[in-house]
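Numbering that gives the first Met the number 0 numbers the first residue of the sequence shown as 0 and each following residue consecutively.
Cβ atoms here follow ideal geometry from the backbone N, Cα and C, with glycine treated the same way.
Just so it is clear, the structure is predicted and the values come from calculations on it, not from any experiment.
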Amino acid sequence: MTTTSTNSPTSTTIGQATELSNDKELSSKSIAPASTATPWVPLGVRLMPPTPCPPDVGAGYQETFPLSFLSDFLNGELWSPGYFFVPHSRPTILPSRSYWLLDAALEPYIPHHPGQHGAKLTAFFNFTASAPGEAPEVANYVNTPVFVREVGKDEWRYFGQYSQLRFSDRLDFDRVHDVVPEEVRKWWARCLGDKRNRPVWVERELMRAFWPRPVYEGPVPGDEREDEEVWNGKVERALWAYAEELRDWERDARIKVSHLRAKNLEQAFLAADANEEPGLRLWWEYLQCVGFDEEFYGMLVRLK
0 MTTTSTNSPT STTIGQATEL SNDKELSSKS IAPASTATPW VPLGVRLMPP
50 TPCPPDVGAG YQETFPLSFL SDFLNGELWS PGYFFVPHSR PTILPSRSYW
100 LLDAALEPYI PHHPGQHGAK LTAFFNFTAS APGEAPEVAN YVNTPVFVRE
150 VGKDEWRYFG QYSQLRFSDR LDFDRVHDVV PEEVRKWWAR CLGDKRNRPV
200 WVERELMRAF WPRPVYEGPV PGDEREDEEV WNGKVERALW AYAEELRDWE
250 RDARIKVSHL RAKNLEQAFL AADANEEPGL RLWWEYLQCV GFDEEFYGML
300 VRLK
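In structure tokens, the structure reads:
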């Protein structure tokens with residue numbers, strides 16, 4: 000089964016390899032965490048063990064790389080915002096078969112310097128069913144190179160090797176508004192509301208987020224409370240009715256998603272979790288630094 004990835008994203012969409020914005024106003028200024036004194040850091044990051052890298056690990060490794068070079072050489076497909084995976088049908092030099100490209104203008108909590116821990120934001124996760132080797136597994140999120148486009152820069156800098164050793168946490172209503180800059184929420188609203196460019200898997204997750212799929216609550220085989228033949232007939236009728244209910248849900252939810260626009264999604268960030276149509280929230284994807292591969296960096300510099 001094919002995925003919804005793309006190899007060479009060139010526009011500012013949820014499906015863009017770089018999670019970038021061509022909005023000059025946004026890209027030209029630094030987005031600071033919502034804090035008046037010490038910059039706020041997600042608890043999941045604060046709980047990480049000390050980084051194995053010295054504080055000045057990046058001092059002698061400041062070479063940057065154009066997106067075209069990284070895309071051609073690393074040869075990954077965009078799987079989820081900022082995360083690339085190299086299917087097993089393709090050759091790769093990366094043991095993890097994956098890498099990250101992150102835009103600091105849109106990610107206030109990723110590492111600010113090479114070797115630091117951090118966390119990125121995401122709205123949804125890609126659960127596309129794929130053939131073996133065509134979708135990332137747990138091992139593909141371990142010891143993965145991270146490249147960051149620093150604020151005001153056009154190229155990408157290698158920040159080190161990172162692993163996701165903690166599952167994601169969902170930001171609640173307060174955190175989404177207290178620690179996520181408004182510009183970042185608006186960017187997500189624009190991307191998720193971009194009907195022409197959002198991947199199919201994002202549309203599916205929007206459907207499930209705002210209009211949850213019906214849950215089957217009918218009888219099941221093996222729970223016979225009366226004559227087996229009569230019970231099996233009830234199960235069959237209930238399953239057919241549920242299938243019809245799912246078809247209706249699929250049709251109606253697709254129509255509703257097709258009408259979602261950026262302004263609707265901005266309002267969704269303000270909606271309550273318990274609303275009939277639940278509010279929109281974001282998730283942390285934790286990035287724990289596990290090292291800095293000097294040989295990998297040197298190879299990139301030589302081949303650039």
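**Prompt:** Start and end of the alpha helix (DSSP H) containing Cys312?
**Reply:** Residue numbering for the chain in the displayed model covers 0 to 303; residue 312 lies beyond these limits and cannot be assessed.
**Asked** Are Leu286 and Ile109 touching if we call contact CB-CB under 9 Å?
**Response** yes
**Message:** Tell me which residues share the same chain as Glu284 and place their Cβ nearer than 6 Å to its Cβ, disregarding the 5 neighbours each side in the sequence.
**Reply:** The residues are Lys119, Thr121 and Ser167.
**Asked** Can Phe83 and Trp200 be called in contact, C-beta distance under 9 Å?
**Response** no
**Message:** Does Lys23 come out as helix, strand or coil in the three-state DSSP assignment?
**Reply:** Only weak support is given to the placement of Lys23: the predicted model assigns it a pLDDT of 40, under 50, and the value that follows is read from those uncertain coordinates. Here Lys23 sits in helix by DSSP.
**Request:** Kindly give me the distance between the Cβ atoms of Asn139 and Ser162, rounded to whole angstroms, as I take these residues to be in contact under 8 Å.
**Result:** 11 Å between Cβ atoms; not a contact.
**Asked** Under a three-way DSSP split, which group does Leu120 fall into?
**Response** strand
**Prompt:** Of the residues Gly192, Ala188, Gly81 and Phe64, which one's Cα is nearest the Cα of Trp155?
**Reply:** Nearest C-alpha to Trp155: Phe64.
**Message:** Only counting the same chain, and skipping five residues up and downstream in sequence, which positions put a Cβ closer than 8 Å to that of Ala271?
**Reply:** Phe172, Pro277 and Gly278
**Asked** Can you give the Cα-Cα distance for Pro297 and Leu205, rounded to whole angstroms?
**Response** A small fix is needed here, since residue 297 is Gly in this sequence, not Pro. Here the C-alpha atom of Gly297 lies approximately 42 Å from the C-alpha atom of Leu205.
**Prompt:** If you run the structure through DSSP and keep just helix, strand and coil, what is Leu205?
**Reply:** helix
**Request:** Rounded to whole angstroms, what's the CA-CA distance from Glu228 to Asn74? Just pull it up for me.
**Result:** 56 Å
**Request:** Excluding the 5 residues preceding and the 5 following Val289 in the sequence, name in chain order all residues of the same chain whose CB lies nearer than 7 Å to its CB.
**Result:** Taking Val289 as the centre and dropping the five residues before and after it, the same chain places the C-beta of Pro51, Asn142, Gln160, Tyr161 and Ser162 closer than 7 Å to its C-beta, in chain order.
**Prompt:** For Asp153, which of Glu182, Asp177 and Ala103 has the nearest alpha-carbon?
**Reply:** Ala103
**Message:** Please return the same chain residues whose Cβ sits closer than 8 Å to the Cβ of Ser88, not counting the five positions on each side in sequence.
**Reply:** Gly132 and Glu133
**Request:** Would you list, in sequence order, the uninterrupted alpha helix (DSSP H) runs of no fewer than 4 residues that lie entirely inside the region 228-287?
**Result:** The region 228-287 contains these whole alpha helix (DSSP H) runs: 261-267.
**Request:** May I have the straight-line CA-CA distance separating Val44 from Gly221, to the nearest angstrom?
**Result:** 47 Å
**Item:** Proximal residues to Ala267 (C-beta, below 7 Å), its chain only, five neighbours per side dropped
**Value:** Gly278 and Leu279
**Request:** Quickly, what does DSSP pair Ile159 with across the bridge? List them, please.
**Result:** The amino acid at residue 159 is misidentified as Ile; the sequence shows Gly. Gly159 is bridged to Val145.
**Asked** Is it a yes or a no for the region 244-255 touching the region 179-187, going by three-plus beta-carbon pairs under 8 Å?
**Response** The region 244-255 is not in contact with the region 179-187.
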